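K.L.:
In the working numbering, the protein residues as written are 47 to 366.
For glycine and all other residues, C-beta sits at the position ideal for the given N, C-alpha and C.
Quick caveat, the model's predicted, so the values are computed rather than measured.
Dropping the structure in here first, questions after.
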């Protein structure tokens with residue numbers, strides 16, 4: 047129910063924004079559609095993380111002004127004989143913008159595109175990728191999830207045609223990209239990408255930086271364990287989150303701290319035998335430490351997810 051309510055809110059919010067632009071202010075919306083899409087209009091900034099390793103970073107809050115304002119971050123890894131791209135945003139236009147940015151950086155072809163998980167804001171741009179006949183790759187149940195859970199946002203999703211069910215490496219000439227399965231955010235579809243020679247890690251939505259994470263499709267306990275592992279495994283690594291600015295080990299620790307606090311709160315509710323309504327009402331105010339976080343609409347829904355996963359008895363708790 048939590049997942050459904052949050053999805054309904056997301057669809058409604060996104061629809062309201064687009065509806066106002068297209069219906070109430072149609073002349074301006076027409077001009078906006080005709081205006082060329084570029085990094086500035088898409089609210090993106092290109093950042094170089096190492097030789098041949100780049101990220102397009104979005105600073106957008108939710109909901110975005112329109113479907114062609116990027117919500118998430120993307121990655122570009124240039125090897126000796128080709129390019130691998132990570133997460134082509136939520137629309138075909140943004141996917142094409144990403145490909146055009148690659149062309150500005152190199153003449154080498156894009157060989158592979160990785161979806162770090164199934165959520166629409168990371169996979170809607172697959173339409174642009176498919177049109178170029180580039181290999182799309184994902185993990186686990188990503189195809190099934192995109193073809194069912196994503197239909198509310200994208201009636202014609204393009205899922206990956208290559209599914210990785212174990213840790214793998216892709217080589218672009220002498221450059222290795224390590225693809226690793228992780229758990230916590232999106233129910234068996236999470237995958238991270240590490241470039242050893244640059245010491246850069248792309249986490250997808252396993253990491254949110256200065257934003258409340260979306261946890262309704264995942265598992266708080268599995269996510270905590272994954273973050274612990276990443277903190278130990280990547281002590282000095284540049285880390286590109288799914289949302290927010292480039293971070294590091296400390297950024298992983300910040301998200302782990304938030305999840306730990308959420309768990310402690312849910313256990314307190316359990317000890318006091320609180321109902322969901324009473325529990326979430328008791329913590330309805332965003333703590334001072336998180337007042338500057340974006341995606342604030344997720345704060346209250348995360349309380350409900352924590353109640354469902356941790357406060358309720360184990361046999362009634364989803365996502366563990």
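Per DSSP, which one or two residues make a beta bridge with residue 156?
P.N.:
Translated into positions along the chain shown, residue 156 becomes position 110. Residue 156 pairs with 129.
K.L.:
Could you spell out where the alpha helix (DSSP H) holding residue 166 opens and where it closes?
P.N.:
Counting from 1 along the chain shown, the entry for residue 166 is found at position 120. It spans 166–169 - the alpha helix (DSSP H) in which residue 166 sits, taken as one unbroken run.
K.L.:
So is residue 84 buried or exposed if we call it buried at 16+ other beta carbons inside 10 Å?
P.N.:
Here residue 84 refers to the residue found at position 38 of the chain shown. Looking at its Cβ environment, which holds fewer than 16 other Cβ atoms inside 10 Å, residue 84 is exposed.
K.L.:
Okay, do the stretch 266–282 and the stretch 93–112 touch, 3+ Cβ pairs below 8 Å being the bar?
P.N.:
No, the stretch 266–282 does not touch the stretch 93–112.
K.L.:
Going by Cα to Cα distance, which pick from 236, 213, 220 is closest to residue 226?
P.N.:
Taking the chain shown and counting its residues from 1, the one referred to as residue 226 is at position 180. Checked all of 236, 213, 220; the closest Cα to residue 226 is 213.
K.L.:
Apart from the five residues just before and just after residue 295, which ones in its own chain have a Cβ nearer than 6 Å to its Cβ?
P.N.:
Locating residue 295 in the chain shown gives position 249, where the first residue counts as 1. Within the same chain, residue 295 has close Cβ partners 277, 281.
K.L.:
Where does the unbroken alpha helix (DSSP H) through residue 317 begin, and where does it stop?
P.N.:
Position 271 of the chain shown, counted from the first residue, corresponds to residue 317. It spans 295–317 - the alpha helix (DSSP H) in which residue 317 sits, taken as one unbroken run.
K.L.:
Between residue 69 and residue 88, what straight-line distance do the alpha-carbon atoms span, to the nearest angstrom?
P.N.:
By 1-based counting over the chain shown, the position of residue 69 is 23. By 1-based counting over the chain shown, the position of residue 88 is 42. Note that residue 69 scores a pLDDT of 34, beneath 50, so its modelled location is shaky and nothing firm can be said.
K.L.:
According to DSSP, is residue 191 helix, strand or coil?
P.N.:
The residue labelled residue 191 in the question sits at position 145 within the chain shown. In the structure shown, residue 191 sits in a helix (DSSP, three-state: H, G or I).
K.L.:
How big is the Cα-Cα spacing for residue 128 and residue 199?
P.N.:
Position 82 of the chain shown, counted from the start, is the residue given in the question as residue 128. Position 153 of the chain shown, counted from the start, is the residue given in the question as residue 199. Distance between the alpha carbons of residue 128 and residue 199: 32 Å.
K.L.:
If you count every other CB in all the chains shown that lies within 10 Å of the CB of residue 313, and 16 or more means buried, which is it?
P.N.:
What you label residue 313 is simply residue 267 of the chain shown in a count that begins at 1. Its Cβ having fewer than 16 others within 10 Å, residue 313 is exposed.
K.L.:
Report the rounded CA-to-CA distance for residue 122 versus residue 116, giving the unit in angstroms.
P.N.:
As a first step, residue 122 must be located in the chain shown, where it is residue number 76. As a first step, residue 116 must be located in the chain shown, where it is residue number 70. Distance between the alpha carbons of residue 122 and residue 116 is about 16 Å.
K.L.:
Beta-carbon within less than 7 Å of residue 171's beta-carbon, same chain only, minus the 5 sequence neighbours each way: which residues are those?
P.N.:
Here residue 171 refers to the residue found at position 125 of the chain shown. Around residue 171: 134, 135, 136, 137, 138, 140, 141, 144.
K.L.:
Per DSSP, what kind of secondary structure is residue 218 in: helix, strand or coil?
P.N.:
Taking the chain shown and counting its residues from 1, the one referred to as residue 218 is at position 172. If DSSP states are grouped into helix, strand and coil, residue 218 belongs with the strands.
K.L.:
To the nearest angstrom, how far is the alpha carbon of residue 178 from that of residue 156?
P.N.:
In the chain shown, the residue the question calls residue 178 occupies position 132. In the chain shown, the residue the question calls residue 156 occupies position 110. For residue 178 and residue 156, the distance between alpha carbons rounds to 9 Å.
K.L.:
Just how far apart, CA to CA, sit residue 285 and residue 292?
P.N.:
Numbered from 1 along the chain shown, position 239 holds the residue referred to as residue 285. Numbered from 1 along the chain shown, position 246 holds the residue referred to as residue 292. Approximately 6 Å between the Cα atoms of the pair.
K.L.:
Please state whether DSSP places residue 184 in a helix, a strand or coil.
P.N.:
Taking the first residue of the chain shown as position 1, residue 184 is located at position 138. Residue 184: strand per DSSP, three-state reduction.
K.L.:
I'd like the list of long-range same chain contacts for residue 242, defined as Cβ closer than 7 Å, with 5 residues on each side in sequence excluded.
P.N.:
As a first step, residue 242 must be located in the chain shown, where it is residue number 196. So the qualifying residues of the chain are 222, 224.
K.L.:
May I ask you to list the residues that DSSP assigns as paired with residue 91?
P.N.:
Here residue 91 refers to the residue found at position 45 when the chain shown is read from its first residue. Answer by DSSP bridge pairing, in chain order: 103.
K.L.:
Drop a sphere of 10 angstroms on the beta-carbon of residue 208, count the other beta-carbons inside from all chains shown, and report buried for 16 or more, exposed for fewer.
P.N.:
The sequence position of residue 208 within the chain shown is 162, counting from 1. Exposed: under 16 other Cβ atoms inside 10 Å.
K.L.:
Which residue from 210, 202, 190 puts its Cα closest to that of residue 181?
P.N.:
Position 135 of the chain shown, counted from the start, is the residue given in the question as residue 181. Comparing Cα-Cα distances from residue 181 to each of 210, 202, 190, the minimum goes to 210.
K.L.:
Just list the alpha helix (DSSP H) runs in the stretch 250–283, keeping only unbroken ones of 4 residues or longer that don't cross its boundaries, in chain order.
P.N.:
Segments of the alpha helix (DSSP H) lying fully in the stretch 250–283: 266–279.
K.L.:
Can you check which of these residues, 327, 323, 165, is closest to residue 192 by C-alpha distance?
P.N.:
By one-based count along the chain shown, residue 192 stands at place 146. Nearest of 327, 323, 165 to residue 192, Cα basis: 165.
K.L.:
Measure the alpha-carbon distance for residue 319 versus residue 82 and round it to whole angstroms.
P.N.:
As a working note, residue 319 is residue 273 in the chain shown. As a working note, residue 82 is residue 36 in the chain shown. Computed Cα separation, rounded: 56 Å.
K.L.:
In terms of alpha-carbon separation, which member of 245, 310, 154 lies closest to residue 96?
P.N.:
On the chain shown, position 50 is the one that residue 96 refers to. Here the closest residue by C-alpha is 245.
K.L.:
In three-state terms, what does DSSP make of residue 327?
P.N.:
Start at 1 with the first residue of the chain shown, and residue 327 comes out as number 281. Helix.
K.L.:
Determine the DSSP secondary structure at residue 148, reduced to helix, strand or coil.
P.N.:
For the purposes of this step, residue 148 is taken as the residue at position 102 of the chain shown. Looking at residue 148 - three-state DSSP - the assignment turns out to be helix.
K.L.:
If I'm right that residue 219 touches residue 98 with Cβ under 8 Å, what's the distance once you round it to whole angstroms?
P.N.:
Stepping through the chain shown from its first residue, residue 219 is reached at position 173. Stepping through the chain shown from its first residue, residue 98 is reached at position 52. That pair is no contact at about 10 Å.
K.L.:
Pick from 352, 321, 301: whose alpha carbon is nearest that of residue 259?
P.N.:
On the chain shown, position 213 is the one that residue 259 refers to. Considering only alpha carbons, the answer is 301.
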